[in-house]
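This report concerns only the one structure given below.
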Amino acid sequence: MKYFGILIAVYLLSTLNSCIMRAPKYALSENVMTLKLGQSKEQVSKILGIEPYFVVSADDTQTVFLYKYRVADRATLPFLMKATNGKKVRGKFINLLVTYDSSNLIKSLKSCDECDKSVVDNKKFDINQIILLFTVVLPAVLIFFGLKAAK
748 MKYFGILIAV YLLSTLNSCI MRAPKYALSE NVMTLKLGQS KEQVSKILGI
798 EPYFVVSADD TQTVFLYKYR VADRATLPFL MKATNGKKVR GKFINLLVTY
848 DSSNLIKSLK SCDECDKSVV DNKKFDINQI ILLFTVVLPA VLIFFGLKAA
898 K
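Counting in my numbering, the final residue of the sequence shown is number 898, and the numbers go up one at a time with none missing.
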């Protein structure tokens, strides 16, 4: 019976791992719209609520940092679609290239959705795994231990 408990614990831990979601930290598009030329790197991080994702390029006169933000899309039924109706949902990731001059002030802002593709590794509960557990694996394990205990 000790092995049965260990087996169930290992299976549950392996299925709970599928609930984890990996994605880069990102800002909201509303925050990106408030950025202005001449702001400092600290102000940008405070407004966006995130640090830069990575350095794109750097030299003596300027440094280009990449930030991630997400746009807002909408979800609606096709036959009810109008110009502005629907529910607001999170859209795709967009890259924000911020160029700072040598004194760490914004020199230019550029959005680019083709620079670096961000993939959200979205793992949710797989209902097929749960059904498989309760219909095949669990009964087989119970029969095995039942036959073993009957000997």
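The C-beta atom is built at its ideal place from N, Cα and C for all residues, glycine as well.
Assignment of beta-bridge partners to TYR814 by DSSP yields LEU843. Taking the CA atoms as reference points, LEU885 sits about 15 angstroms from LYS895.
Between LEU852 and SER787, the C-beta gap is smaller than 8 angstroms, which places the two residues in contact. The beta carbon of LEU784 is closer than 6 angstroms to those of ILE853 in its chain, skipping five residues each way along the sequence.
Just so you know, the alpha carbons of GLU798 and PHE892 end up roughly 54 angstroms apart.
In the three-state scheme derived from DSSP, where H, G and I count as helix and E and B as strand, SER849 is classed as coil.
Under the 10 Å beta carbon count, TYR773 is surrounded by 16 or more other beta carbons and is classified as buried. Here THR810 is buried. Its C-beta has 16 or more other C-beta atoms within 10 Å.
Per DSSP, the continuous beta strand (DSSP E) segment holding SER804 begins and ends at 801–805. DSSP places LYS895 in the uninterrupted alpha helix (DSSP H) bounded by 885–897. Inclusion of LYS839 and ALA822 in the CB contact set at 8 angstroms is not warranted, their separation being larger than that value.
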